[in-house]
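Here's the structure, in structure tokens; my notes come after.
Numbering (the working numbering), first residue to last: 16 to 120.
Take a look at the structure:
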């Protein structure tokens, strides 16, 4: 099944962001919001792998918030710092979640 591979992908990106920002950015930097987004996405997806409906709602909700931020914020530094970098891929993953939604508990 595809879900465990997507979980590894999310966890890998989270680890990459932590390692990338740990040495170069202070913890109060807005760049760490990208890491928080990835932690939330990875955590939600781990429960999606366990076929939990609430996790599907959380993942779709996070993606919806990301889409709203992408569409409402003007291009520039703030948009780069406060929005999720992977929202197109997360939209694709939402389609996978919705496709298997009836199997969730």
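Using N, Cα and C, we set each Cβ at its ideal position, and we do this for glycine too.
Rounded distance between the beta-carbons of residue 59 and residue 73, thought under 8 Å: 4 Å
Local conformation of residue 100 per DSSP, three classes: coil
For residue 79, three-class secondary structure by DSSP: helix
Collapsed DSSP secondary structure at residue 117 in the structure displayed: Here residue 117 sits in helix by DSSP.
Assigned exposure category for residue 178 - 16 Cβ within 10 Å defines buried: Residue 178 is absent from the structure shown; the chain starts at 16 and stops at 120.
Contacts around residue 18, its chain only, beta-carbon distance under 7 Å, and the 5 residues preceding and following it disregarded: Taken in chain order, the residues that qualify are 63, 64.
Contacts around residue 105, its chain only, beta-carbon distance under 6 Å, and the 5 residues preceding and following it disregarded: 78
Straight-line Cα distance separating residue 53 from residue 38: Distance between the alpha carbons of residue 38 and residue 53: 18 Å.
First through last residue of the alpha helix (DSSP H) which encompasses residue 59: 47-64
Residue 71 versus 20, 111, 93, residue with shortest Cα-Cα distance: Considering only alpha carbons, the answer is 111.
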